[in-house]
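Residue numbers (UniProt numbering): 1 to 168. Here the structure is laid out as structure tokens; the discussion comes afterwards.
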Ligand SMILES: CC(C)(COP(=O)(O)OP(=O)(O)OC[C@H]1O[C@@H](n2cnc3c(N)ncnc32)[C@H](O)[C@@H]1OP(=O)(O)O)[C@@H](O)C(=O)NCCC(=O)NCCS
């Protein structure tokens, strides 16, 4: 069976929730209803890594405003920000699927989508559990945020979280 990166479908959502629970610390997991809300609004940009029918991982990414982050585990606001970057909200793989190049392929897929949408920057929150993974993937901490925003980021995504960005 060959491993493929495919657009996420609504039928994938149950498995997406399961993989999220298996791979993220509990404080970072989002309610299934929040994942569905994300999918309803921006699902066209989400991808999954699959081996046949088995979901190995996924990537949730969407247009957003640089310097801002969506609130974790909360539905999108009614008024979405005017986007100027592509934002990776989640990228994750089951442990058995790591170290295979799939993560890099999903990151590249996000970059490709961001470029197609005309953005010059990709951004994300590097959470503590991802260590220096994003530094090694050429992301730099985005420092142009107020202390209030930095505090809100830590309160929402946990101690050690950093807003990061990379030129597309
Ligand atoms: C982040 C993740 C998708 C990377 O997948 P992967 O298949 O291990 O990544 P790659 O094959 O692209 O890169 C492997 C390299 O990254 C390093 N790496 C992977 N996860 C890391 C982590 N949490 N901390 C530090 N380094 C990490 C590996 O040690 C390896 O380093 P090397 O090339 O020097 O040997 C995977 O670790 C994962 O699913 N983690 C849980 C979810 C998560 O934290 N996601 C990121 C936040 S959105």
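The beta carbon of each residue, even a glycine, is placed where N, CA and C say it ideally should be.
Contact test: residue i Cβ vs ligand 1 heavy atom, cutoff 7 Å
i: residue 56; result: no
i: residue 136; result: yes
i: residue 140; result: no
i: residue 118; result: no
i: residue 130; result: yes
i: residue 93; result: yes
i: residue 90; result: yes
Residues of its chain near residue i, where Cβ-Cβ distance is below 7 Å and the 5 sequence neighbours each way are ignored
i: residue 144; result: 67
i: residue 94; result: 19, 22, 23, 56 and 57
i: residue 41; result: 76
Expected contact under 8 Å - CB spacing of residue i and residue j to nearest Å
i: residue 241; j: residue 8; result: Nothing can be reported for residue 241: it is not among the residues displayed for the chain, which extend from 1 to 168.
i: residue 205; j: residue 3; result: Nothing can be reported for residue 205, as the shown portion of the chain is limited to 1 through 168.
Same chain, Cβ closer than 8 Å to residue i, neighbours up to 5 away in sequence not counted
i: residue 109; result: 5, 47 and 59
i: residue 27; result: 158
i: residue 65; result: 81, 82, 83, 84 and 85
i: residue 37; result: 75 and 76
i: residue 44; result: 7
First through last residue of the beta strand (DSSP E) which encompasses residue i
i: residue 13; result: Residue 13 -> not in any beta strand (DSSP E); alpha helix (DSSP H) instead, spanning 13 to 23.
i: residue 96; result: Careful: residue 96 lies outside any beta strand (DSSP E) and carries neither H nor E.
i: residue 133; result: No beta strand (DSSP E) contains residue 133, which is instead part of the alpha helix (DSSP H) from 133 to 136.
Closest residue to residue i among the options (Cα-Cα distance)
i: residue 141; options: 124, 85, 154 and 103; result: 124
i: residue 153; options: 131, 69, 91 and 90; result: 69
i: residue 92; options: 161, 37, 49 and 14; result: 49
i: residue 11; options: 39, 30, 34 and 3; result: 39
i: residue 165; options: 116, 155, 88 and 102; result: 88
i: residue 118; options: 162, 63 and 73; result: 63
Close-in-space but distant-in-sequence residues of the same chain around residue i (CB under 6 Å, 5 per side omitted)
i: residue 114; result: 86, 122 and 168
i: residue 149; result: none
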